[in-house]
Amino acid sequence: MTLQKNTTMLNLILPLLLLLTPADSLSSNSLEENKQEKFEVDNKTIPWEIKDAVVEALAYFPELAGVRIDFEFKDRINGAVMQAQPRVLTLLVTGKEKREYRIKITRELDLGDEILAIENVPHDALVGWIGHELGHIMDYKDRSTVNMMHFGMRYMMSNKRLTEAEIAADTYAISCGMGHQILTVKNYILNQEGFDEKYRNKIRDLYMSPAQILSLQEELEEDEG
Ligand SMILES: [Zn+2]
0 MTLQKNTTML
10 NLILPLLLLL
20 TPADSLSSNS
30 LEENKQEKFE
40 VDNKTIPWEI
50 KDAVVEALAY
60 FPELAGVRID
70 FEFKDRINGA
80 VMQAQPRVLT
90 LLVTGKEKRE
100 YRIKITRELD
110 LGDEILAIEN
120 VPHDALVGWI
130 GHELGHIMDY
140 KDRSTVNMMH
150 FGMRYMMSNK
160 RLTEAEIAAD
170 TYAISCGMGH
180 QILTVKNYIL
190 NQEGFDEKYR
200 NKIRDLYMSP
210 AQILSLQEEL
220 EEDEG
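The numbers in numbering that gives the first Met the number 0 rise by one with no breaks, and the one at position 74 of the sequence shown is 73.
Next up, the structure:
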């Protein structure tokens, strides 16, 4: 790819980036992050507090072996508890197979009466939550850069595209054998007292429902058997 092409692409992508990610995405190695203790395995960096849950979820995704993924705690993520993203520079300068990703994870859930550290979310729900994000990375992994840009824009602008992306993520995770955990986290979000209603409504309206998860899981099991 020529330098000029890169620059043009950067011009195209930059506005999208600013939409997609808060300013911190451009300076991922802030001092704050460097201070955090991380567990490192197979090209992944993982905060110690959630290491077991992440390693358990990763075991369902052999195709992500060796893929660079950084799991990062954040104080707050706009409209989400976790968020998977490609590292933008790796979208521009390397081939698909060398792309790097990160999964942002809210450090503490505000449940109204209670502040719950993320590692204290019931284990299977936490594993399912991480599995859903890994499902997004499976989905991103095979998209071309141009496709990813278009996808990102549509995702921002239409609920239909958002729904498609979320269904894709759940479908990847369920087909990797995580049906139980995906169902557990869905029920956790829908039933746990104290979740922000706006967030809960988004999950209810735009994401797969527990019934849809169950029927997909059954279909996949029938296919296998
Ligand atoms: Zn998602």
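Backbone N, C-alpha and C define an ideal beta-carbon position, used for all residues, glycine too.
Given tyrosine 100, which residues of its chain have a CB within under 8 angstroms of its CB, disregarding the five upstream and five downstream residues? Along the sequence shown, read from residue 1 onward, the residue named residue 100 stands at position 101. Excluding sequence neighbours, tyrosine 100 sits near Val66, Arg67, Ile68, Asp69, Ala83, Gln84, Pro85, Arg86, Ile136 and Tyr139.
Whole runs of the alpha helix (DSSP H) within the region 136-184, excluding any shorter than 4 residues: 144-156 and 158-172
Could you check if valine 40 is buried or exposed, using at least 16 other CB atoms within 10 Å of its CB as the buried criterion? Counted from its first residue, the sequence shown places residue 40 at position 41. Counting Cβ neighbours within 10 Å, valine 40 comes out exposed, since fewer than 16 surround it.
In its own chain, which residues sit with a C-beta less than 6 angstroms from the C-beta of methionine 207, not counting the 5 before and 5 after it? Taking the sequence shown and counting its residues from 1, the one referred to as residue 207 is at position 208. Counting only Cβ-Cβ distances below 6 angstroms, and skipping sequence neighbours, we find Ile166 and Asp169.
So who's on the other strand from aspartate 69, going by DSSP bridges? Translated into the one-based positions of the sequence shown, residue 69 becomes position 70. Per DSSP, Thr44 and Arg101.
Buried or exposed for proline 14, please, with buried defined as at least 16 other CB atoms from any protein chain shown within 10 angstroms of its CB. In the sequence shown, the residue the question calls residue 14 occupies position 15. With a pLDDT of 48 at proline 14, under the threshold of 50, the predicted position of this residue should be treated as unreliable, and no value is reported.
Continuous beta strand (DSSP E) stretch holding leucine 108: start and end: Locating residue 108 in the sequence shown gives position 109, where the first residue counts as 1. Leucine 108 -> beta strand (DSSP E) spans 107-109.
If you draw a straight line from the C-alpha of leucine 63 to the C-alpha of glutamate 96, how long is it? Taking the first residue of the sequence shown as position 1, residue 63 is located at position 64. Taking the first residue of the sequence shown as position 1, residue 96 is located at position 97. Rounded to the nearest angstrom, the two C-alpha atoms are 10 angstroms apart.
Nearer than 7 angstroms: is that true of the beta carbon of alanine 124 relative to any heavy atom of ligand 1? In the sequence shown, counting from the first residue as 1, residue 124 sits at position 125. Because no heavy atom of ligand 1 lies under 7 angstroms away, the Cβ of alanine 124 does not count as near it: no.
Cβ-heavy atom distance, alanine 168 to ligand 1, below 7 angstroms: Working through the sequence shown from its first residue, we reach residue 168 at position 169. Yes, ligand 1 has a heavy atom inside 7 angstroms of this Cβ.
How is the alpha helix (DSSP H) around glutamine 211 delimited, first residue to last? Numbered from 1 along the sequence shown, position 212 holds the residue referred to as residue 211. 209-223 is the extent of the alpha helix (DSSP H) around glutamine 211.
Residue burial classification, lysine 43 (beta-carbon count within 10 angstroms, cutoff 16): Counting from one through the sequence shown, the residue named residue 43 turns up at place 44. With 16 or more other Cβ atoms within 10 Å, it is buried.
Please tell me whether glycine 193 and leucine 91 are closer than 8 angstroms, where the distance is taken between their beta carbons. Taking the first residue of the sequence shown as position 1, residue 193 is located at position 194. Taking the first residue of the sequence shown as position 1, residue 91 is located at position 92. No. Outside cutoff.
Out of Gly176, Pro121 and Leu205, which one is the CA nearest neighbour of leucine 161? Stepping through the sequence shown from its first residue, residue 161 is reached at position 162. For the residues Gly176, Pro121 and Leu205, the minimum Cα distance to leucine 161 belongs to Leu205.
Which class does leucine 205 belong to by DSSP, given the choice of helix, strand or coil? Residue 205 sits at position 206 when you count from the first residue of the sequence shown. Helix.
Coarse secondary structure for isoleucine 114, derived from DSSP in three states: Here residue 114 refers to the residue found at position 115 of the sequence shown. Three-state result, isoleucine 114: strand.
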